[in-house]
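Number of protein chains: 2
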Amino acid sequence: MSTVNKQILLVSRPTGDAVASNFKLVEAPLPELNDGQVLVRHHYLSLDPYMRWRMNDAKSYAAPQPLNQVMIGGTVGEVIESRHPKFKVGDMVAGMGGWQQYARVDAQVPGALRKVDASRVPLSAYLGSLGMPGVTAWYGLMKICAPKPGDTVVVSAASGAVGSVVGQLAKAHGCRAVGFAGGAEKCAYVVNELGFDACIDYKAHATPASLLAALEAQTPKGVDACFENVGGAVFDATLLRMNDFGRIALCGMIAGYDGVPTPMSRPDLILQSRLRVEGFIVSEHMQFWPEALAELGGLMAAGRLKFRESIAPRIEDAPEAFLGLLKGRNFGKQLVKLI
Amino acid sequence: MSTVNKQILLVSRPTGDAVASNFKLVEAPLPELNDGQVLVRHHYLSLDPYMRWRMNDAKSYAAPQPLNQVMIGGTVGEVIESRHPKFKVGDMVAGMGGWQQYARVDAQVPGALRKVDASRVPLSAYLGSLGMPGVTAWYGLMKICAPKPGDTVVVSAASGAVGSVVGQLAKAHGCRAVGFAGGAEKCAYVVNELGFDACIDYKAHATPASLLAALEAQTPKGVDACFENVGGAVFDATLLRMNDFGRIALCGMIAGYDGVPTPMSRPDLILQSRLRVEGFIVSEHMQFWPEALAELGGLMAAGRLKFRESIAPRIEDAPEAFLGLLKGRNFGKQLVKLI
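Chains as they are written, first to last, in the working numbering: chain A, 1 to 339; chain B, 1001 to 1339.
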C-alpha cells in the first residue's frame, strides 16, 4: 500500500469550455483517522456531467466546488482501516470520496457511506446502473414521466449511464423507447444491446428539420414522455413531437454546461400541448432509493439491465476523461480506475 | 329588433401580425329555430388573446378557426326566442356565440349555454372575472401555482382580465403579489385599485438587466410561483428570480402569437431550480368551474375582486379592438358592446 494519496484539485474556474489546466494533480499524505471514521481505498471514481456545473461560481442547486480542494465525485472502494463499529476492513463501500485514491470518511454521517455487495455484480455497477445514475433514471422516468404501457418515451444521451437505464426501464414497463445518441456505433449499441426500439444519431443531422424528420419517422404516434439529459437541438426536436399532456423530466442540460446556456426555441409548445416540465436532482429524493434499487437490481439479475463502461486507467487520466465526457467521447458510464 | 344579424368572419390567415383585412363584416338573416334551440341576442362579445392562435392553420390544442365562418368568441346576452324547455324569453345567458349580434344555440348540448344572474353583478362580469378569464386565473393559481401564505407570486399582463384576478386571488390567500404591466397608468391601477404589492412597467426597461433589477427590487425573497400570460423578456426575467421548487403556470404566450415564437433564454434554470412548468387550457378542467366561481363570486360580493373593462361600442369595431388587445392597447377586460 502506498503512503501517498494522489488527488486532483480544481485550481481555476473555466471561462467557456472546461480545460485540463483547471485541474491539478497533487500528492498528500494518507490521512489519520479519528473515532467514527474509516479509511477507504478507492477502486473506481465516477465522472458525471453535473461536475461541470459545480466548476462554475454561479447560482445552482449546490454550492460551487471550492477552489484548491479535491474535486467532488462518487467512488466505490474497500475499507482498509476503520474506527467505526459498523464498518470493518474489507467491506466494500460506495460514497462520495472525490477525485483521489483514498478518502477518510465520517461514517456516522447519514448517507456518507453505504455497504455494497460486489459478489454478484461488478463493484463499478454501484457507480452506474445500481448507483446515482440508475436511481436518477428511475426517479425521472417513474415519478415524473410516469409512462403507461404503449407510451412512447424519448431519452437523449441514450448510451450513457442514465439514458441507458431510462430506455431499458421504459421497455420493461411496456413502452416504445427511442433514444438519441452521437454516432452510428453508439446507436447500434443502444438498439442491439440495450434493446431500444430505435436510436437516432443526432450527429448525422445537420439541420433542425432533418433531426425532426428522423424523430418523426421513429415516433409515429408522437412522444408521450421525454427524459432530457442534453437540451439544445435534440430537446427542441422532441418538444415538437410531444403529444398533449406529455411529461418531460429535465435531468440534464449538458449542451449548455460549457459557456452560453442553450435556449429553448419553442416554449409555447408547453402551453399548446399542455405539457408538464419538471427539473429534478435525484439527491433530493433519497426516500425512493430503496424502491428504485430493488427494481433495478431485479432487472440486472434477470439480465434485462445491461450497461457499458468507459474506464480511464489511472487517476492522472481523470481530467482528460472528464473533458471527453462533456464532448460525448465516452461510450457508456465513464469511470476512472484507481487501483 | 333588427331582422339582420351582423357578423364578422375570418376571411384570411395572418402572415406575421394579424391585420384588419383578415376579417370581414357581413349581414345574414336572423336564423330560424329548430326544436331544442334558442335565439340569443348578444349584449357583449369577449375578445381574448387565444383567438389569435385560432387564426393560424397550425397544430394547436384546438382546431383552427375555419375561414369564411363567424369568428369564435364568448358572449353574454338575452334569450329572445326559445324552443327549449329550460330556457325562456328574457333569460340572461353566457355562451360561445361568436362575433355576431345574434346566435342560434343548440341548448341541449352540455355547456353550450349557462344561465347567469345579472341582478347583482354586471352582465359583462360573466365574460371576465366570473367567466372564462376568472376561472383560468383560479385554476392556474390554485391548482398549478398552489401558493402558500407568504409566497411571492408574479403575474404578467397584470391589469388584464386574467392577470387582475390572479393577483387579487393571491392576495386573498396571503401571498405577495407582483405584477408586470405596460405603462405607468396600468401599473398604478394594479397597485392602487387591485391591491397588488407592486407592479413593474416592462415598457420602462429597455434591457433584460434593467427588467431583472426591477423585479429583484420587488421580490426580495425571490419568486415562488409565476402565472405566465406573456412569455418573452418578462418570462425570462421571472425565471431568473424563481426559488427552488417554484411552480409556473403557463397560461399564455402572447409575446409570440404574432409571427415568430419567442424562445426561452434559460431553460437550464428549470433544472437548476427544480421548477415545475405546466401548460394548461381552462376548458379542459370544467369540473373545477363550480368551485372556482364560488370563490370568485364570494370575493366579488365582498368587494375584493375588482375589474376594469375596455368596451368597443359596436360590432364593426371588433377587429380593431382585437388587434389593439394583441398590442396591449386595451386596459382591463376587452369587450365589444353589441346592443
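The C-beta atom is built at its ideal place from N, Cα and C for all residues, glycine as well.
None of these values were measured; they are calculated from a predicted model.
Using only the alpha-carbon positions, how far apart do residue i and residue j sit?
{"i": "THR1293/B", "j": "PHE1227/B", "result": "It should be pointed out that residue 1293/B corresponds to Leu in this sequence rather than to Thr. Taking the straight line joining both Cα atoms gives about 19 Å."}
{"i": "SER210/A", "j": "ASP48/A", "result": "30 Å"}
{"i": "GLN1218/B", "j": "ARG1241/B", "result": "11 Å"}
{"i": "GLU1081/B", "j": "ALA1103/B", "result": "11 Å"}
{"i": "ASN5/A", "j": "ALA28/A", "result": "5 Å"}
{"i": "ALA1204/B", "j": "SER1156/B", "result": "15 Å"}
{"i": "ALA1184/B", "j": "GLY1324/B", "result": "18 Å"}
{"i": "GLY1090/B", "j": "SER265/A", "result": "51 Å"}
{"i": "PRO1149/B", "j": "ALA1225/B", "result": "12 Å"}
{"i": "ALA1018/B", "j": "ASN1068/B", "result": "16 Å"}
{"i": "MET253/A", "j": "ARG1041/B", "result": "55 Å"}
{"i": "TYR1202/B", "j": "TRP1138/B", "result": "24 Å"}
{"i": "LYS24/A", "j": "GLN7/A", "result": "8 Å"}
{"i": "LEU1326/B", "j": "SER1273/B", "result": "32 Å"}
{"i": "GLY134/A", "j": "LEU296/A", "result": "7 Å"}
{"i": "GLY16/A", "j": "LEU1009/B", "result": "54 Å"}
{"i": "ILE311/A", "j": "GLU193/A", "result": "19 Å"}
{"i": "LYS143/A", "j": "MET1300/B", "result": "39 Å"}
{"i": "PHE288/A", "j": "PRO1147/B", "result": "26 Å"}
Using a Cβ-Cβ cut-off of 7 Å (strictly less than) and excluding sequence neighbours within five positions of residue i, which residues of its own chain qualify?
{"i": "ASP1317/B", "result": "VAL1336"}
{"i": "CYS145/A", "result": "VAL153, ALA225, PHE227, ARG247 and ALA249"}
{"i": "VAL223/A", "result": "THR152, VAL154, THR238, ARG241, MET242, ASN243 and GLY246"}
{"i": "LEU1212/B", "result": "ALA1237 and LEU1240"}
{"i": "VAL162/A", "result": "PRO133, THR136, ALA137, ASN229 and CYS251"}
{"i": "LEU1045/B", "result": "GLY1073, THR1075, TRP1099, ALA1318, LEU1335, VAL1336 and LEU1338"}
{"i": "LYS1088/B", "result": "VAL1079 and SER1082"}
{"i": "PHE1331/B", "result": "SER1159, LYS1186, ARG1308 and SER1310"}
{"i": "GLY174/A", "result": "PRO149 and GLY150"}
Counting only C-beta atoms, is residue i closer than 8 Å to chain A at any point?
{"i": "ILE1270/B", "result": "yes"}
{"i": "ILE1281/B", "result": "yes"}
{"i": "GLY1128/B", "result": "no"}
{"i": "ARG1013/B", "result": "no"}
{"i": "GLY1297/B", "result": "no"}
{"i": "PRO1147/B", "result": "no"}
{"i": "MET1051/B", "result": "no"}
{"i": "PRO1263/B", "result": "yes"}
{"i": "MET1055/B", "result": "no"}
Between residue i and chain B, is there a C-beta pair that is closer than 8 Å?
{"i": "GLU278/A", "result": "yes"}
{"i": "SER156/A", "result": "no"}
{"i": "ARG266/A", "result": "yes"}
{"i": "ARG274/A", "result": "yes"}
{"i": "GLY231/A", "result": "yes"}
{"i": "MET242/A", "result": "no"}
{"i": "LEU250/A", "result": "yes"}
{"i": "MET132/A", "result": "no"}
Taking 8 Å as the threshold (C-beta atoms), are residue j and residue i in contact?
{"i": "VAL38/A", "j": "VAL70/A", "result": "no"}
{"i": "ALA1237/B", "j": "PRO1261/B", "result": "no"}
{"i": "ARG54/A", "j": "ILE72/A", "result": "yes"}
{"i": "THR1340/B", "j": "VAL1178/B", "result": "There is simply no residue 1340/B to check, as chain B begins at 1001 and stops at 1339 in what is shown."}
{"i": "SER1129/B", "j": "VAL1165/B", "result": "yes"}
{"i": "LEU1338/B", "j": "GLN1101/B", "result": "yes"}
{"i": "GLY1231/B", "j": "PRO220/A", "result": "no"}
{"i": "SER1119/B", "j": "GLU1309/B", "result": "no"}
{"i": "LEU215/A", "j": "LEU169/A", "result": "no"}
{"i": "ARG114/A", "j": "ASN56/A", "result": "no"}
{"i": "GLY1097/B", "j": "GLY1077/B", "result": "yes"}
{"i": "LEU1033/B", "j": "GLY279/A", "result": "no"}
{"i": "VAL277/A", "j": "VAL1121/B", "result": "no"}
Under 6 Å Cβ to Cβ from residue i, same chain only, skipping five residues before and after it: list those, please.
{"i": "VAL116/A", "result": "MET92, ALA94 and TYR126"}
{"i": "PHE1196/B", "result": "GLY1167, ALA1177, GLY1179 and VAL1190"}
{"i": "LYS171/A", "result": "ALA177 and GLY195"}
{"i": "CYS1199/B", "result": "ALA1158, GLY1179, ALA1181, CYS1187, VAL1190 and VAL1191"}
{"i": "PRO31/A", "result": "ARG104"}
{"i": "THR3/A", "result": "LEU30"}
Excluding five sequence neighbours on each side, which residues of the same chain lie with their C-beta closer than 8 Å to the C-beta of residue i?
{"i": "GLN1108/B", "result": "GLY1036 and HIS1084"}
{"i": "ALA58/A", "result": "PRO64"}
{"i": "ARG1329/B", "result": "none"}
{"i": "ALA1020/B", "result": "PRO1319, GLU1320 and LEU1323"}
Please tell me whether, using a cut-off of 7 Å, the distance from the CB of residue i to the nearest non-hydrogen atom of the ligand GDP is below it.
{"i": "ALA1294/B", "result": "Ligands are entirely absent from the displayed structure, and the ligand GDP is therefore not among its contents."}
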